[in-house]
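In our numbering, the protein residues as written are 18 to 277.
Positions of the beta carbon are idealized from the N, C-alpha and C atoms, including for glycine.
Since the structure is predicted, the reported quantities are computational estimates derived from the model, not experimental observations.
Notes to accompany the following structure.
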Amino acid sequence: MAITVYPPYGSSSNPSYVITNTENTVSAPWFVQVARGLIPGVSSVNIFGYQASVGTSSGIPVWENTTAYTFPASAATLTIASTSASDTSSKSVLIQGLDASYNQISETIALNGTSNVTSVNSYFRVNSVLFTNNINVGTITFKQGSNIVAQINPSIGKNQAAIYTVPAGYTFYGNRFTGFTDEGGGGNNYTIWLANAKNAVTGQNFIVAQAPFFGQYLIQRTVPFTYTEKTDIQWQLAVGTSTSPCGVNVEGILISNTAT
Numbered sequence: 018m019a020i021t022v023y024p025p026y027g028s029s030s031n032p033s034y035v036i037t038n039t040e041n042t043v044s045a046p047w048f049v050q051v052a053r054g055l056i057p058g059v060s061s062v063n064i065f066g067y068q069a070s071v072g073t074s075s076g077i078p079v080w081e082n083t084t085a086y087t088f089p090a091s092a093a094t095l096t097i098a099s100t101s102a103s104d105t106s107s108k109s110v111l112i113q114g115l116d117a118s119y120n121q122i123s124e125t126i127a128l129n130g131t132s133n134v135t136s137v138n139s140y141f142r143v144n145s146v147l148f149t150n151n152i153n154v155g156t157i158t159f160k161q162g163s164n165i166v167a168q169i170n171p172s173i174g175k176n177q178a179a180i181y182t183v184p185a186g187y188t189f190y191g192n193r194f195t196g197f198t199d200e201g202g203g204g205n206n207y208t209i210w211l212a213n214a215k216n217a218v219t220g221q222n223f224i225v226a227q228a229p230f231f232g233q234y235l236i237q238r239t240v241p242f243t244y245t246e247k248t249d250i251q252w253q254l255a256v257g258t259s260t261s262p263c264g265v266n267v268e269g270i271l272i273s274n275t276a277t
């Protein structure tokens, strides 16, 4: 049997792919087939950031901490530990990141409570960490020396960091960007959204989509915003006064530069 996959603006006379499936026939939109892993060279990217106490300082991404995020200067192994002895070897975390050449690497590590365990791979960037089974009791930190490169807060199971680096040989196309804040409106009480991106190849550093908002920020693009390979991206928020819980959701697709 075959699955006919249409691009977002395609037609029945011009299908994008016909994929053989020996079990059943499924007709679904192109983006659904991307999520199912059925489009060669294309994968979905969903980034979630949350911080319960975003402050007025700029230059801080929405992640588990209220401090600026420091990208590693070189590739190195990670030390992983929990604040709870209950996070034992029966619980494992999947690390997804990039090596020194920005190539994608990953591994699954069993925890050892409050004692450090060390990754096998050396990571230059960490894009995602998540539990593969059960749920964490304590705070799980992933460090290079004293630098926290990823964190999972208690009972969450995955990092909530609006931080991403585009792998070598790929381009990230972002099509939906949302921000949420509990800050009250009026006067100067509004939240500032911005995306800070720096490309390791060209050295270009730019801030885009900087805008004030109250309650919810939404960009839903017809033409996706393009981030080239080896670009470090941080989606940052800063509130007008005091502190406020804030969240960021980013959606897009990662496409191999050699995909046809």
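Cβ-based burial, residue i [other Cβ within 10 Å; buried from 16]
i, result
"threonine 219", "exposed"
"glutamine 161", "buried"
"proline 78", "buried"
"alanine 276", "exposed"
"glutamine 342", "Coverage of the chain is limited to positions 18 through 277, which leaves residue 342 absent and any answer about it impossible."
"glycine 58", "exposed"
"isoleucine 250", "buried"
"serine 145", "buried"
"phenylalanine 278", "With the chain running from 18 to 277 in the structure shown, residue 278 is simply not present."
CB-CB length for residue i against residue j, believed under 8 angstroms
i, j, result
"asparagine 176", "isoleucine 165", "10 angstroms between Cβ atoms; not a contact."
"leucine 128", "valine 143", "Contact flag wrong, Cβ pair sits at about 16 angstroms."
"glutamine 233", "tryptophan 210", "About 10 angstroms separates the two Cβ atoms, so there is no contact after all."
"glycine 155", "serine 99", "4 angstroms"
"threonine 260", "serine 70", "4 angstroms"
"valine 240", "isoleucine 64", "Contact flag wrong, Cβ pair sits at about 20 angstroms."
"alanine 179", "tryptophan 252", "4 angstroms"
"threonine 123", "threonine 94", "First, the amino acid is wrong: residue 123 is serine here, not threonine. That pair is no contact at about 14 angstroms."
"tyrosine 244", "alanine 214", "6 angstroms"
For residue j and residue i, the rounded distance between their alpha carbons
i, j, result
"threonine 39", "alanine 45", "Caution is warranted here: a pLDDT of 46 is assigned to threonine 39, below 50, making its placement in the model unreliable, and no coordinate value can be reported."
"asparagine 120", "alanine 185", "5 angstroms"
"alanine 92", "leucine 115", "9 angstroms"
"tyrosine 190", "isoleucine 272", "8 angstroms"
"arginine 238", "serine 136", "38 angstroms"
"valine 183", "valine 62", "10 angstroms"
"asparagine 206", "alanine 90", "36 angstroms"
"glycine 257", "threonine 73", "6 angstroms"
"serine 132", "glutamate 246", "36 angstroms"
"tryptophan 80", "glycine 66", "5 angstroms"
"threonine 96", "phenylalanine 159", "6 angstroms"
Min CB distance residue i to chain B below 8 angstroms
i, result
"alanine 69", "Looking at the structure shown, chain B is missing, and only one protein chain is on hand."
Sheet register partners of residue i (DSSP bridge)
i, result
"phenylalanine 148", "Val110"
"lysine 175", "Leu147"
"proline 78", "Gln253"
"serine 123", "Gln113"
"serine 61", "Ile270"
"proline 229", "Ile209"
"arginine 142", "Leu115"
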